[in-house]
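Residues 18 to 387 (my numbering) make up the sequence shown, in order.
Please read the structure below before turning to the comments.
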Amino acid sequence: MQSTTSNKKPMRRLLKATIWVASVVVIIVLTATVFQKQLLTIVATKIIQERFLIQSHKKDDGLYAGLAGTGAPFPDINRVGPCIVVQAGDHLYIIDAGQGSARNIGLMGFDIGKVDAILLTHFHSDHIADLGEMMLQRWGSGAHTKPVDVIGPKGVESVVEGFNHAYNLDAKYRVAHHGAATLPPSGAGGTARPFDLSAEENTSVVLVDEGGLKITAFQVNHAPVYPAVGYRFNYQGRSLVISGDTAPCPSLKKQSQGVDVLFHEALQPSMIKMIHDQTGLSPNPSLAKITLDISSYHTSPEEAAKIAQEAGIKHLVLYHILPPLPPVLNNMFLGDAAKYYNGPITLARDGLLISLPANSDKISINQMLK
Ligand SMILES: [Zn+2]
Ligand SMILES: [Zn+2]
């Protein structure tokens, strides 16, 4: 009898606990149902504040690079077209305007209304596709009275003229709807700012040199695409280089000497060959030839690693990833790169933020988009 009584006690306790938990759940569900609208309003307010109102994260003084796009022309579920946002102190620059990247700039918390200029590396479609959207968003977010500067090698004039023409009707609709005070008509579109580089190898030109910020454009080798350039940023003792599209070339190695971070494009030839070998299965008759051609004007991860080693880079980030890459194949993509470079290699996907605080050695890496 005694043992039956002692068994009942835990049973009663369990029953009580179950009733208590069930009551709490019912109260929570009822509260959530009755106050659903109010709760959703709180959630929506928070999202609006994060996504639309507090776009520019307060950052300590330093050099920052946000990878809004890390892909190339082929569709990649994890990567839109190439685009890197560089913040140096209070200055904000966009390098390249890959397809789909304009939306990621906002999602990463950069205030596109504060962009000083858009810099283009060359005029392949995957580097200019979102230029119209970026010019529009910068105008609409900042009530600017002057068009944004679009800086690039010669040829940038025709690209900007074309986008200005294509967005001309849209600009008129928006002024008519929101008024000239909100969207000053004189601020729509972009102004091309071409720079000249001689055809010789290793040429470079300093575009900005003020307030501790220096931006240098230098020639790369993306033949038969000419001109094609990379960019180097120096700010408060920190430095980074963005390769643009290029085969391995001496000028990139020269400009990259000792920089904190090299953002280098990368194509894995062995994987492109695998695609090429199976193009017979594709209904696309051009794919076989394209997959045969593209390796010649890009750089493999192994070659990028050798450049990083020889130039004394502190951190190598691979972007402009070809072919499209599901994460399960990351190691196959990197191949033997780690054999050629002693430092860390990051295989980028959209949303990567690299932070280089002023006058320090620190390099922080955060993933801003899931
Ligand atoms: Zn490209
Ligand atoms: Zn290209």
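From the three backbone atoms N, C-alpha and C, an ideal C-beta is built for every residue, glycine too.
Just to check, is the beta-carbon of residue i closer than 7 Å to a non-hydrogen atom of ligand 2?
i	result
H281	no
D262	yes
V242	yes
H139	yes
H195	no
H239	yes
Give a yes or no on whether the minimum CB-CB distance between residue i and chain D is below 8 Å.
i	result
I311	The structure shown has no chain D; it contains just one protein chain.
For the candidate residues the options, whose alpha-carbon lies nearest to that of residue i?
i	options	result
N185	V173, E174, G207, V167	G207
M125	Q285, L84, K76, T316	L84
L214	G261, Y243, H195	Y243
Y314	N301, L370, A245, N251	A245
Y110	A82, I94, G88, G86	A82
I289	A146, P300, L304	L304
F91	I362, V258, L339	L339
M385	V43, N121, L57, A39	N121
K231	E217, Y252, V237, N219	Y252
A354	S372, E174, L335	L335
V165	L364, I94, L200, D133	D133
P374	I382, G368, D367	I382
G247	P241, G229, T220, A34	T220
A198	P99, T87, G157	G157
G117	H108, F127, T87, N376	T87
D93	F350, P341, I380	P341
H141	G149, Y358, E150, D113	D113
A321	N376, A283, N301	A283
F212	V46, G172, S372	G172
A365	Y358, F350, S377	F350
K356	N376, K323, T363, K379	K323
H161	P202, P27, K306, G196	P202
For ligand 1, any of its heavy atoms closer than 7 Å to the Cβ of residue i?
i	result
P99	yes
D143	yes
H293	no
A146	no
A89	yes
H337	yes
Please report the Cβ distance between residue i and residue j, rounded to the nearest whole angstrom; I am assuming they are in contact, meaning their Cβ atoms lie under 8 Å.
i	j	result
R249	T233	4 Å
T308	T316	Incorrect: roughly 17 Å between the Cβ atoms, too far for contact.
Q13	P318	The chain is shown only over 18 to 387; residue 13 falls outside these bounds and no answer can be derived.
H239	H337	Not really, about 11 Å apart at Cβ, beyond 8 Å.
G352	A325	Actually they are not in contact, since the Cβ atoms of G352 and A325 sit about 14 Å apart, beyond 8 Å.
G159	G115	Not a contact, Cβ separation roughly 22 Å.
S260	H281	5 Å
R191	G79	Their Cβ separation, rounded to whole angstroms, is 35 Å, which puts R191 and G79 out of contact at 8 Å.
I330	V276	6 Å
I135	V176	At roughly 11 Å, the Cβ-Cβ gap does not stay under 8 Å, so I135 and V176 are not in contact.
P119	D147	The sequence given here has Ala at residue 119, not Pro. The Cβ separation is near 4 Å, so the contact holds.
K387	A328	About 33 Å; that fails the 8 Å criterion.
V409	L200	Since the first and last residues shown for the chain are 18 and 387, residue 409 lies out of range.
S268	F235	5 Å
L279	L333	5 Å
N95	D262	Not a contact, Cβ separation roughly 20 Å.
K163	G204	6 Å
D143	P170	17 Å between Cβ atoms; not a contact.
M152	F180	7 Å
A183	G149	6 Å
What do you reckon, is the C-beta of residue i under 7 Å from a heavy atom of ligand 4?
i	result
V237	Ligands in the displayed structure: ligand 1 and ligand 2; ligand 4 is not one of them.
- Message: I want to know whether the region 346-362 touches the region 216-229 - three or more CB-CB distances under 8 Å.
- Response: Touching, no.
Using 8 Å as the threshold, is the region 98-110 in touch with the region 53-63, meaning 3 or more CB pairs across them?
Touching, no.
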